[in-house]
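Residue numbers (UniProt numbering): 39 to 346.
Quick reminder that beta carbons are idealized off the backbone N, C-alpha and C, glycines included.
Everything on this sheet refers to the single structure shown next.
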Ligand code: A3P
């Protein structure tokens, strides 16, 4: 299939993965024009895997000495305005695309990343999440988007069963889910010093541990003094779902998600919990995702520890 209507947009297949047109064009431009600095950090993920949270945490870690507790830009700007998406934003100024904070986010699969990312040696943090929560989150997210000029959701809304079916077949933005995760996983085995693999569920359970790990990985470890002064905890509190989702800037206000596709900033914040899939997927759907995951990941050495 060369293209398919999904999530209210047409998806096109490129190098085995599915993209809406705008990020696909951005991906192609990035191949030619993106020139990362060696100390840039690339935040990579599938949509709905915790990208917003990862952007906020890494931004807060890197900028911690520039801002006080009450002056951090995250208090007045969406994490998505603090850290740009490479493939969405490079189109506006390809030759001069840069990020002010050495952080760039992307949903591009590992094998289609601009070669400059690999050759520059810059680091990559990859966040992934239980596919059951990803599909549920993705489906809710799509309900919040409308084509520009249309006030409410249209009849184009997919029902969850349909969306689930396509997801299982590997048709979702930047999917297949499994191939995306496996691409980064294999690369992280080859270069563990360059790619940090983080699971949303682990970040939820052991936030302090992973925030410190990310800071070390990015080359900005917390000093003992900072730890004693509660800097790590302050960053965690600033970036918590409860805090970010309660900030005015993240509650409403229009946002263009893709060209021609609009919604509100609050679409990035729904529940922020582990296991909400239980409220939406049938046991049969859960078993199916479990089985696909087992089959796709067998022999990769990666275990997602998801339940059936
Ligand atoms: P849910 O829909 O399950 O609530 P992404 O940022 O990759 O688009 O992922 C969005 C998912 O991450 C949503 O999941 C959203 O609620 C959750 N999320 C957003 N900010 C978060 C935060 N600060 N902490 C934990 N989860 C967060």
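To the nearest angstrom, how far is it from the Cα of residue i to the Cα of residue j?
i           : j           : result
residue 49  : residue 227 : 30 Å
residue 193 : residue 159 : Note on residue 193: pLDDT 46, under 50, position unreliable in the model; no value is reported.
residue 324 : residue 346 : 5 Å
residue 206 : residue 197 : 14 Å
residue 149 : residue 221 : 7 Å
residue 180 : residue 271 : 33 Å
residue 99  : residue 275 : 12 Å
residue 232 : residue 151 : 14 Å
residue 68  : residue 295 : 19 Å
residue 161 : residue 41  : 33 Å
residue 171 : residue 85  : 11 Å
residue 8   : residue 236 : No statement about residue 8 is possible, as the shown extent of the chain runs from 39 to 346 and does not include it.
residue 76  : residue 257 : 12 Å
residue 102 : residue 322 : 46 Å
Please state the DSSP three-state secondary structure of residue i.
i           : result
residue 314 : helix
residue 197 : coil
residue 132 : helix
residue 143 : strand
residue 260 : coil
residue 209 : coil
residue 301 : strand
residue 46  : coil
Any heavy atom of the ligand A3P closer than 8 Å to the CB of residue i?
i           : result
residue 292 : no
residue 308 : yes
residue 90  : yes
residue 282 : yes
residue 178 : yes
residue 277 : yes
residue 311 : yes
residue 94  : yes
residue 85  : yes
residue 238 : yes
residue 116 : no
residue 287 : no
residue 182 : no
Subject >> Stretch-stretch touch, CB-based, cutoff 8 Å, three pairs: the stretch 303 to 314 with the stretch 323 to 337 >> reply: Fewer than three Cβ pairs drawn from the stretch 303 to 314 and the stretch 323 to 337 lie within less than 8 Å of each other, which leaves the two stretches out of contact.
**OP:** Could you tell me whether the stretch 234 to 251 touches the stretch 115 to 123, where touching means 3 or more Cβ pairs closer than 8 Å?
**Re:** These segments do not touch.
Original post:
Touch check for the stretch 70 to 83 and the stretch 151 to 170: three-plus C-beta pairs under 8 Å?
Top reply: Touching, yes.
Original post:
Below 8 Å, can you find three or more Cβ-Cβ pairs linking the stretch 137 to 144 to the stretch 78 to 88?
Top reply: The stretch 137 to 144 vs the stretch 78 to 88: in contact.
**OP:** Spell out a yes or no on whether the stretch 261 to 269 and the stretch 106 to 121 are touching, meaning 3 or more CB-CB pairs, one atom from each, closer than 8 Å.
**Re:** Flag = no, the stretch 261 to 269 and the stretch 106 to 121 do not touch.
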